[in-house]
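Protein chains in written order, with my numbering: chain A, 1 to 332; chain B, 1001 to 1521; chain C, 2001 to 2345; chain D, 3001 to 3330.
In this text, a Cβ means the ideal position worked out from N, Cα and C, and glycines have one as well.
Since we're looking at a predicted model, the values are computed, not measured.
What follows is a set of notes on a single structure, which appears directly below.
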Amino acid sequence: MSTAAGPSRGLPDIRALLAHPAVVDNGRRFGIWFALLALMVVGGSLSPAFLTPTYLLTIVAQASIVGVAAIGVTMVMITGRIDVSVAGVITLTGFIAVGIMHGNDKNIVPAVAAVVAVGLAVGLINGYLIAFWGVESFIVTLAMGATLIGVAELYTGGFTFGDPAPAFVNFFAWRPGGIPTLALLFATVAGIGLLLVRRTTFGQRLFLIGGNYRSAYLSGVPIRRTIVLAYAAAGVCAAIGSLALIGFAGVPSGFTGLGLEFQVLAAVVLGGTTFEGGRGGIAGTVAGVLTLAVASTLVIILGFPFAAQQVVTGAIIVAVGCAYAASLRKEE
Amino acid sequence: MEEAAHDDQIEASGPPFLRVIGVRKSFDGVHALHGVDLDCLEGEVHALVGENGAGKSTLIHVMTGVHRPDSGSILIRGAERHFRQPSEAEQAGISAVYQELSLIDDLDVAENILLHREPRRWGPLLNRNRLYDDCRALLKDLEIDVDVRAPVRSLSIARRQLVELARALSRSSSLVIMDEPTASLTIAEQEHLFTLLERLRKRRIAVLYVSHRLEEIFRIADRVTVLRDGAKVRTMRVSDTSKAELVELMVGRSLVHELYPQRKPLPAPSPGAKPALEVVSMNSPGRLQDVSLKVWPGEIVGLAGLIGSGRSSLLHSIFGADRDSRGSVLIAGREIRVKSPRQAIAAGMAMICEDRKLEGLAINLTNFANISVTFLNSRLGIFHVGKARSRAREAASRVALKARLVDPTRLLSGGNQQKVVLAKWIATKPSVLLCDEPTRGIDVGAKAEIYRFLRGLADEGVAVLFASSDLPEVLGLADRILVMSEGCLAGEFPDAQTATEDQIMFAAAGVEESDRKSEPA
Amino acid sequence: GSSNTGSTGPGTTVDPAKVYADCQSPDTAKATALVDTSKFKKAPPWKIGLAAGYLSNDGWIAYFIQEIKYHASTNPNISKVIVTDAKFNASKQISDIEDLITQGVSAIIYYPVDQTALKTVIDKANAAGIATIESAVGFTDMGTSSVDIDYYTLPVLSDVHLMQSLKGQGKIIQVLPTAGTVAEQREKDALQCVLSHYPNVQLLAAEHGNFNTPDAKKVAQALLQRFPQIDGIASVWGEQDLGIASAFLAADRLKNVTFAPANEPNGWLKWLIDHPDKNNGIVTGPVTLGGLAVQQTVKILNGEQISKGVFQDSKYIEPGQISSIYNAGKSDSYYFNDMPANWQP
Amino acid sequence: MSLLTATPRGAPNSVVRERLDYATVVRQLQLYGVWVGLVVLVAIGLTAHDFTSAGNIQNLLRAVAIIGIAALGQTFVIASRGIDLSVGQLMGLVSVLAVGFMHGDASLIIPVVCVTLALGVAVGIFNGVAIVTTGIHPMILTFGMLSALKGIIFLYTDRTRGSVPPVFRQLDLGQLGPLPWSVVILGVGAVVCWFVFTHTTFGRYVIAVGSNEPNARKAGISVGRIRVAVYAISGLSGAVAGLILAARLGTGFPLAGQGLELSAIVAVVLGGTSFAGGRGRMLGTVGGALLLVLLSNILNLKQVAPYVQDVITGMIVLAAITLYTARRAR
Ligand SMILES: Nc1ncnc2c1ncn2[C@@H]1O[C@H](COP(=O)(O)OP(=O)(O)OP(=O)(O)O)[C@@H](O)[C@H]1O
Ligand SMILES: Nc1ncnc2c1ncn2[C@@H]1O[C@H](COP(=O)(O)OP(=O)(O)OP(=O)(O)O)[C@@H](O)[C@H]1O
Ligand SMILES: [Mg+2]
Ligand SMILES: [Mg+2]
């Protein structure tokens, strides 16, 4: 025939190799891990102590707040929806937790139960509105977050009353075998998340819904129930994140959770879970969370000013997001 | 190839308006076109025929810049052109009515017809008065009766098709491409279209006309090109060929019935027997009117009709996927509540949807995920991957899926994708199988396999109700044929083997038996 | 004022008094100007507007507002306090104050999201005969009067104590409140001035702890990693110090570090009492400022002559004395105050 | 007689599908909800003392201008099925830079205005180009941009800095007849945007792209260019809003733009523009911004405690959005 094309100058082989589906696919799946590795290498070369297990675990513990919340949001985002009410949940449940604990070890169990219950309730409401009423998820969870913060203010009247119980604080200050309990908490929640997403019908359904809502519906997947459950999981994870925040700080967390929703979002997206849904997973999110945590530690270690930290975070999100999106587009 | 093209040319007055040479195009490893040649002469109606999935629409997309060919070239009046966008093809004088409607629902009729060519004032300002006046004049000239200010969202499929037609004809193009323009038109509307085509011919405009209805081609076309499996089979003058020859060229075998499995006469249902599926008085506002039907175990019933006649709506309603519909559904004589596909599945129904990518598959997931979707209902919620995998493997092997379970479905050919859909449904062991265009966009080999498979299921006692726009398929596969028109059942052919395409067409296009006599043959 | 007994270590060649004299708040002089308030004099009952720049930030603000409400309630001439919340949105605070003007309040107490941004609307209020009293975020000569903690003097006091404890030698880090706030700016300036007297003290880094515990802890963890030796912490907010302390504890480097005296959230007091070896005293930034603001407002509404600015003194409290303001029955976020029990949250 | 007027038998197909169903109700709500809301609020407002005073009305209008202008640009973006989260920080950056560059010097006004407007457009173009070329989801891209812009603001200044010349402050304080200049700008902007949206080909193309991108492409519309253009418009409107913010504050406050993007988006949605794209209501957007500001004003005048205000506002937005965007999930 005519014009069989193919410019054969330069590096056709490498390009062909890079465009190979397997390479693209794995690059996408593991790219964030490579980024994490690269950051650690940079960190290690700058500060030898950086790569010590103690310090790395400290970073994991730091990241656990965003991390735990991100696990739940990942499930929501696999279905092609979003949850930005995380900060509202963290703030409200934070007040509830210390309010109930009131510095008394006896109250830990009811406090934790109440916190989880509130997270669950918020998740169920979000999920109900989104799954049964078909409300646009971004805007509704945005409004939900704002309302929850209002409720938190109303509940407290602006005061934080109560304290975390000593045993609670001590538990999170504990490092059994050198591993901070917060890191263990993160690992546990991530592990459960991984199991839920990979090994349960619920997890499988998340992908089916995100992959093609219509076909999932027509194949008898209980769409609404699954979406409601995903939001419930996100609510519970956010509530646990709030406990982690109190554990980390050792004091009432007050309004320090504000703005966390976007950190969570950034971590999930860096981990390869797209807005369109049907892709990604918990492992990627864990990598995304750690990458952001290591990056933000690095910029402090490098002595960058606050402003540069912001710019770097933004640039990472833009760069990784664009690269990921471009690789998906090539596939089409 | 060159010679072939010369042979078929009617007049050799300069280069043809458009010539396509050796065009290839593949999607994710599916070769939609491999080396197609075609030319369109001024003042000529050139028909393009081929089975579902032969590559007709893909060829058109390449000609209009929607897709870029992998290789091959397009010549306009002898000069090679590379269209990167539809707008470039449009500037070169090519306009098209695409098979899938390409209107913008949120704009009104006039805005759609003149989209991107609006009359302007002082640069970018929309001249609304002229927009509506021009459109009104245009529609009047074309004798199409649609309100220019009506939002497209509110129009029926047939009206949208007419608007689409008006849009293509409003461009002063040298080549008008029409991809199955009559698929949703009534007989009267079709006739009208043919007079419009006559006008185009007189104005020495080239027309490329795609249709499944061979009679149409013999009425209006000068030449016809047959595509099969993405390759050109032959181009010839219409006057030099016959319907039988075209069919043979399209299907690629002389004996059509080889494609379709043998039908065994069904035993008459015993007095106490219950139909596998019974639908009583199904209604859906704006879509269905009082449809009742029965399908017996082991029977394959074909649903024929024009596009938009309500076949898909009916299947969706039966399957519980249309919340607005009212009516009863009985499975094996027991009335069931179907308010969602979930309930329908639980009652033993399965449904193969019309558009695989939109409704049937999550193409970015693996075959395993897509097949296992229907049996994810283990009690504890724990997903026994091993068990599920063996079940999926079993289903896949039953449909002879030629792909691994771990492959992303996106990488499969259309036929194999359809087998994935089949596999997920047979894994539920349904007693009633609903199929909407079960062989759309897949190659002949895979089609034959699917026909055999459906027949096999029927022989096992499954009741099959399938909708299809491919009349030979309906005639060849079904035991009994129901025809739909405008949301109602418009006819029944109890024995498919004795029905003819013409009879079905007339019933589908909404012409009463009495009118038919007066229609030109 | 404070009195430092003065150490006699080898590095301390500096007299704290000299540093205090040199690092004078830029605001004190201006604050003494007298203001004639006759045009703001009004017959009671008075309605007082309180335009908050933000409410939901930290415990201190909550107690400060409660103090205002309490002291207003004790004055029979004050009929009502109307609170608005700008939520860190400078533009909304302008609207809020406009709304208060519309409602014809007698005087407006406000703490700005951003001082300068409010200038016009404050002038407008004054022109309408409404007195405006800035409070809590730092002296300004804008408006009728300013009732403040001196955000310059407070860190100077704290920093000098730190330098003295370090005996004029060592490496320190500074943990600042939220970037862009007045307190942050003044703290930076104050430390710079103090450091100029202690050439042997090296400022390793300044990072933001945002007035809160978790952020300060994260920052401290990174700084611990970055610098093998940190001798002192310049942070004047107890809530930040709680996070810093917990990071140092976890890294097992608490013993080598000295904390600058910070302010008095109950949790920090408790921590200091629990860790007497780390107890370096505190410098107060009392929430009773709220009461002072109400007093000043009442003076203005009575048409009395006032001085432009009033400062609630920041006091240094010796390590041994801090138990006097610690309240064991209260939560960590409690601030020592002068309200009766039924006004305590 | 036309061949095509013969009414088909049975004819459910040719019935114009404008039944009074759920979707229609939602559409009506989207069209008129914001105005109904405004009427209700005004009625409540009238019971508040001094609500109708000239001073209060002007305050209201001034407060609307900034959000309203940013929301106008956002309307284009949302109608095209995108979103721009970066516009709040862009406003902050523009205001800080404008104030910093002018530094009280009136002769610099014109160059500074030009430069900052160009900056806004440039940021918008960057957003648009990145979205079009890589296919990244606009929410991610513009969120990254938000972080980056915030950082850039703080690189430039970490404290309140500079002042604007008095003439420039007239943008907020000065009046044309009874209307503050900023409101005049909002009004002109709204009319221009409305006009562009409904009376130019560009507006039609934005709808087409938001409604059905592949079909818009088939019709010959350069989808990429339209997308870049809507983000550029959003950038421009963000820059204009940023300049008014600078005039209103009179100083460069680094945190000034924080969160304003969300208010703008809420205003757009309240105004009836659909997140699903293909539909935009410029005047509704202005109504939405007015609604937000009016709500805050009335709650203030009614002396509702701030915490209660937050809950009420949140609930109203939640309810409105639920009603607006609810469709029958299937
Ligand atoms: N965008 C696409 N992505 C992947 N595959 C495609 C795409 N478009 C077409 N194909 C595949 O290319 C082949 C040819 O399809 P095409 O639509 O051109 O057939 P056709 O002849 O127009 O059929 P019909 O008569 O059903 O309209 C089919 O196998 C189809 O699945
Ligand atoms: N969700 C819907 N809302 C409104 N009208 C609809 C909807 N779905 C289908 N219709 C209309 O109902 C009519 C029947 O459409 P349907 O798709 O069932 O026909 P069909 O015969 O299956 O055609 P096709 O060959 O295109 O599948 C059409 O006019 C269509 O426009
Ligand atoms: Mg086709
Ligand atoms: Mg159909």
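Listed by chain order, chain A residues near residue i by CB distance under 8 Å
i: P1341 of chain B; result: Y217, L218, S219 and G220
i: E2207 of chain C; result: I300 and F306
Contact with chain D by residue i, beta-carbon distance below 8 Å
i: H1116 of chain B; result: yes
i: S1312 of chain B; result: no
i: S1174 of chain B; result: no
i: I1504 of chain B; result: no
i: A121 of chain A; result: no
i: G321 of chain A; result: yes
Span separating the alpha-carbon of residue i from that of residue j
i: L1100 of chain B; j: R1342 of chain B; result: The identity of residue 1100 of chain B in the sequence shown is Glu, whereas the question assumes Leu. The straight-line gap from Cα to Cα measures roughly 29 Å.
i: M131 of chain A; j: R81 of chain A; result: The sequence as given places Ala at residue 131 of chain A; Met does not occur at that position. Each residue's alpha carbon lies about 10 Å from the other.
i: A3256 of chain D; j: R3062 of chain D; result: 16 Å
i: V2194 of chain C; j: A230 of chain A; result: 55 Å
i: L154 of chain A; j: N2210 of chain C; result: 23 Å
i: M1250 of chain B; j: G1230 of chain B; result: 11 Å
i: P2076 of chain C; j: Y2070 of chain C; result: 12 Å
i: E1164 of chain B; j: A3118 of chain D; result: 41 Å
i: T2144 of chain C; j: G2285 of chain C; result: 23 Å
i: V341 of chain A; j: S2196 of chain C; result: Within the shown structure, residues of chain A are numbered from 1 to 332, placing residue 341 of chain A beyond reach of any answer.
Cβ of residue i within 8 Å of any chain C Cβ
i: D3050 of chain D; result: yes
i: T201 of chain A; result: no
Proximal residues of chain A, C-beta to C-beta of residue i below 9 Å
i: C1353 of chain B; result: R214, S215 and L218
Under 8 Å between C-beta atoms of residue i and residue j
i: A3130 of chain D; j: L3141 of chain D; result: yes
i: G278 of chain A; j: G272 of chain A; result: no
i: A2136 of chain C; j: L2301 of chain C; result: no
i: A1427 of chain B; j: T1374 of chain B; result: yes
i: I3321 of chain D; j: I149 of chain A; result: no
i: A1496 of chain B; j: A1509 of chain B; result: no
i: A287 of chain A; j: W33 of chain A; result: yes
i: L2272 of chain C; j: K2278 of chain C; result: yes
i: L2176 of chain C; j: T2258 of chain C; result: no
Contact list for residue i against chain C, beta-carbon separation under 7 Å
i: Q263 of chain A; result: What Q263 of chain A touches in chain C: nothing, since even the nearest Cβ is about 12 Å away.
i: D163 of chain A; result: S2331 and D2332
i: Y55 of chain A; result: Q2225
Proximal residues of chain A, C-beta to C-beta of residue i below 7 Å
i: V2219 of chain C; result: I300
CB contact check: residue i to chain A, cutoff 8 Å
i: N1416 of chain B; result: no
i: E1359 of chain B; result: yes
Residues that residue i contacts on chain D, provided the C-beta gap is smaller than 8 Å
i: L2055 of chain C; result: P3306 and Y3307
Proximal residues of chain D, C-beta to C-beta of residue i below 7 Å
i: V73 of chain A; result: Per Cβ cutoff of 7 Å: no residues; V73 of chain A is ~13 Å from chain D at best.
CB contact below 8 Å: residue i versus chain B
i: G278 of chain A; result: yes
Residues passing the C-beta test against ligand 3 heavy atoms, cut-off 6 Å
B:K1056, B:S1057, B:Q1099 and B:D1179
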